[in-house]
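Participant: One structure coming up, written as C-alpha cells, with questions to follow.
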Amino acid sequence: MRKTEQRTVILEELRLCRNHPGAGEVYLRVRERMPRISLATVYRNLELMVAEGIIRRLAARSGQKRYDPVVERHCHFRCSACGRIEDIPFPVELPRLDPSHPWVKERRVQGARPEYYGLCPDCAGGDSNNETE
Ligand SMILES: [Zn+2]
Ligand SMILES: [Zn+2]
Numbered sequence: 000m001r002k003t004e005q006r007t008v009i010l011e012e013l014r015l016c017r018n019h020p021g022a023g024e025v026y027l028r029v030r031e032r033m034p035r036i037s038l039a040t041v042y043r044n045l046e047l048m049v050a051e052g053i054i055r056r057l058a059a060r061s062g063q064k065r066y067d068p069v070v071e072r073h074c075h076f077r078c079s080a081c082g083r084i085e086d087i088p089f090p091v092e093l094p095r096l097d098p099s100h101p102w103v104k105e106r107r108v109q110g111a112r113p114e115y116y117g118l119c120p121d122c123a124g125g126d127s128n129n130e131t132e
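Structural data, given as C-alpha cells:
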C-alpha cells in the first residue's frame, strides 16, 4: 500500500512540475507531502516508471537525467538561459527521411525528437537590452 502511494505522489508531483525536472527536484516536491521519503526512493520509482513506459526519461545533457510525464510524441523547447524544458503545445511537422536512401534502408528509423531552444518568456522577459554584442 505505501509503495503505491509513494508512486502516486511522485507521479502527481512530476506532472505538476511542468519543466521536466530531475529526480532531485521531484524529491523536494514529494518531500513536502511525504517528509520521510528518501531521494533514492524517488529516483528508484522514477526509473521503474520509465521501465514500465509510464513516463519518459529525457536524453541527459550535462549528466542530469530529467523526466517527462508525457509519453505521447511531442517536441520540446529548452531555454538556454535557465535550462527549463517545456512541451511545445501543438504538433510540429518533422522532415521525413527518404526511405529509398541506402543509409535509411540499412536502419530501422523509428522517429525523431527534435529540440528547439532559445529563451523562455521569463528569460526573454521585458525588452531589457542586455544582449551582449
Ligand atoms: Zn528561461
Ligand atoms: Zn515533454
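Just so we're aligned, residue 0 is where the sequence shown starts under numbering that gives the first Met the number 0, counting upward by one. All C-beta atoms, glycine included, are put in the ideal place defined by N, C-alpha and C. Note that the coordinates shown come from a computational prediction; the quantities given were computed from them, not determined experimentally.
1) Using a Cβ-Cβ cut-off of 7 Å (strictly less than) and excluding sequence neighbours within five positions of M33, which residues of its own chain qualify?
2) Within a Cβ cutoff of 7 Å, which residues of the same chain sit near D97, ignoring the five residues on either side of it in sequence?
3) Under DSSP, the alpha helix (DSSP H) around C122 begins and ends at which residues?
4) Mind listing which residues have their beta carbon within less than 7 Å of any non-hydrogen atom of ligand 1? Chain order is fine.
5) Measuring alpha carbon to alpha carbon, tell me which residue in Y42, E46, D121 and S37 is nearest E85.
6) Taking the alpha-carbon positions, what's the A50 to N44 distance?
7) Please determine whether the Cβ atom of V91 lies at a distance below 7 Å from any heavy atom of ligand 2.
8) Where does Q63 land, buried or exposed, given buried means 16+ other C-beta within 10 angstroms?
9) Taking only the alpha-carbon atoms, compute the straight-line gap between N18 and D67 and give it to the nearest angstrom.
10) What three-state label does DSSP hand L93 in the structure shown?
11) Return yes when the Cβ of Y42 is within less than 8 Å of the Cβ of C74, no when it is not.
12) For L65, is the classification buried or exposed, using 16 other Cβ atoms within 10 angstroms of its Cβ as the cut-off for buried?
13) Using the Cβ count rule (16 or more neighbours within 10 Å means buried), how would you classify A58?
14) Report yes if the C-beta distance between V29 and E12 is below 8 Å; otherwise report no.
Facilitator: This is what the structure holds:
1) In the sequence shown, residue 33 corresponds to position 34, counting from 1. Closer than 7 Å at Cβ, skipping near neighbours: Q5 and V8.
2) Counted from its first residue, the sequence shown places residue 97 at position 98. Hits under 7 Å: V103.
3) Translated into the one-based positions of the sequence shown, residue 122 becomes position 123. Note, C122: alpha helix (DSSP H), P120 to A123.
4) C78, A80, C81, R83, L118, C119, D121 and C122
5) Reading the sequence shown from its first residue, position 86 is the one you call residue 85. Per the Cα distances, D121.
6) Residue mapping note: residue 50 aligns to position 51 of the sequence shown, counting from 1. Residue mapping note: residue 44 aligns to position 45 of the sequence shown, counting from 1. If you take the alpha carbons of A50 and N44, they lie about 10 Å apart.
7) The sequence position of residue 91 within the sequence shown is 92, counting from 1. Because no heavy atom of ligand 2 lies under 7 Å away, the Cβ of V91 does not count as near it: no.
8) Locating residue 63 in the sequence shown gives position 64, counting from the first residue. Classification of Q63: exposed, given that the 10 Å Cβ count is below 16.
9) In the sequence shown, the residue the question calls residue 18 occupies position 19. In the sequence shown, the residue the question calls residue 67 occupies position 68. Using only the alpha carbons, I get a separation of about 8 Å.
10) The residue given as residue 93 occupies position 94 in the sequence shown. Reduced to three states, the DSSP call for L93 is coil.
11) Start at 1 with the first residue of the sequence shown, and residue 74 comes out as number 75. Start at 1 with the first residue of the sequence shown, and residue 42 comes out as number 43. For C74 and Y42, no; Cβs fall outside 8 Å.
12) Here residue 65 corresponds to residue number 66 of the sequence shown, with the count starting at 1. At residue 65 the sequence reads Arg, which differs from the Leu that was named. Per the 10 Å Cβ criterion, buried.
13) Position 59 of the sequence shown, counted from the start, is the residue given in the question as residue 58. Per the 10 Å Cβ criterion, exposed.
14) Locating residue 29 in the sequence shown gives position 30, counting from the first residue. Locating residue 12 in the sequence shown gives position 13, counting from the first residue. In this structure, E12 lies closer than 8 Å to V29 by Cβ.
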